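The structure under discussion appears below in the form of structure tokens.
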Amino acid sequence: MYLTLPLSALGGILLEESDRKRVIYVGSGLLFCNLIVLFLAYRKVGFINPEFDLGKKFSEEIAAELKYSKKVYLQAIPDPYFYLKEKYPNQKILEFIPGELPIPPEMFVNTLDTIDTFVFSEGTKRNENVENYLKENASSFYKRSISVSPSTTRKLIRAQAEIYLRKKK
């Protein structure tokens, strides 16, 4: 798979620099072979592969942590929302996209006080006010991290999340 870029470049150079039919055929053959290699690699590694179960495994791992939560602030990729809704239909899930629009803290601080679990994907942009709320109330939460890899033989990608579980009073 890593050879496809240099071979494509070589094929392109051969096609552009020569007027001879033999060289053009070789360049075309190289480009065509690269397309086949890329297609097969994508099927083996990518989301088309039925063994690529990262989203399912991530959702199951998150669900296990949220078993006793009643209200969840969810900002995770891959998105476990529908899995959680199916598994825990009585759970209230507030879903937020990474890098959301800024909201004045006074508008939702009361809501944050009612949330018992916060879930964030590792490395995503978080709402600044929520981040400050969690820092100010750090003693009220247990922090857990989860990391999941797909079942495929090559572990090219991993889903990670930080979970803040509110301590029982």
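For the sequence shown, my numbering gives the first residue as 2, with consecutive numbering after it.
Glycine is no exception: its CB is placed at the ideal position from the N, C-alpha and C atoms.
Just so we're clear, the structure is a prediction, and the values are computed from it rather than from any experiment.
query: Roughly how many whole angstroms lie between the Cα atoms of Asn128 and Leu39?
result: The residue you call residue 128 lines up with position 127 of the sequence shown. The residue you call residue 39 lines up with position 38 of the sequence shown. Straight through space, the alpha carbons of Leu39 and Asn128 are spaced by roughly 38 Å.
task: May I ask you to verify whether the segment 123 to 137 touches the segment 158 to 168, counting CB pairs closer than 8 Å and requiring at least 3?
output: Taking 8 Å as the limit for Cβ pairs, the verdict is that the segment 158 to 168 does touch the segment 123 to 137.
task: Pair every Cβ in the segment 68 to 76 with every Cβ in the segment 113 to 120, then say whether three or more of these pairs are closer than 8 Å.
output: Touching, yes.
- prompt: Leu95 by DSSP, collapsed to three states: which one?
  reply: Taking the sequence shown and counting its residues from 1, one reaches residue 95 at position 94. Secondary structure of Leu95 (DSSP, three-state): strand.
query: Taking C-beta to C-beta, are Ser152 and Asp54 nearer than 8 Å?
result: If you number the sequence shown from 1, residue 152 lands on position 151. If you number the sequence shown from 1, residue 54 lands on position 53. Yes, the Cβ-Cβ distance between Ser152 and Asp54 is below 8 Å.
query: Do the CB positions of Tyr82 and Phe119 come within less than 8 Å of each other?
result: By one-based count along the sequence shown, residue 82 stands at place 81. By one-based count along the sequence shown, residue 119 stands at place 118. Taking 8 Å as the Cβ cut-off, Tyr82 and Phe119 do not qualify as a contacting pair.
Residue interval of the beta strand (DSSP E) (run including Tyr165): The residue you call residue 165 lines up with position 164 of the sequence shown. That run of the beta strand (DSSP E) goes Ala160 to Arg167.
query: Based on Cα-Cα distance, which residue from Arg167, Lys169 and Ser150 lies nearest to Ser60?
result: Within the sequence shown, the letter at position 59 stands for residue 60. Closest in alpha carbon position to Ser60, among Arg167, Lys169 and Ser150, is Ser150.
- prompt: Leaving out five residues before and five after Tyr143 in sequence, what residues of the same chain have Cβ atoms less than 7 Å from its Cβ?
  reply: Residue 143 sits at position 142 when you count from the first residue of the sequence shown. Within the same chain, Leu166 and Lys168 come within 7 Å of Tyr143 by CB-CB distance, once the 5 residues on both sides are set aside.
- prompt: How close, in whole Å, do the beta carbons of Pro79 and Gly56 come, if the pair is a contact with beta carbons under 8 Å?
  reply: Within the sequence shown, the letter at position 78 stands for residue 79. Within the sequence shown, the letter at position 55 stands for residue 56. Under the criterion of beta carbons closer than 8 Å, Pro79 and Gly56 qualify as touching, at roughly 4 Å.
- request: Answer with yes or no whether the minimum CB distance from Pro79 to chain D is below 8 Å.
  value: Judged by its chain identifiers, the structure shown contains no chain D, having just a single protein chain.
message: With DSSP as the reference, identify every bridge partner of Lys144, one or two as the case may be.
response: Position 143 of the sequence shown, counted from the start, is the residue given in the question as residue 144. Tyr165, per the DSSP bridge assignment.
Alpha carbon of Glu66 to alpha carbon of Glu137, nearest angstrom: For the purposes of this step, residue 66 is identified with residue 65 of the sequence shown, where counting begins at 1. For the purposes of this step, residue 137 is identified with residue 136 of the sequence shown, where counting begins at 1. Taking the straight line from one Cα to the other gives about 23 Å.
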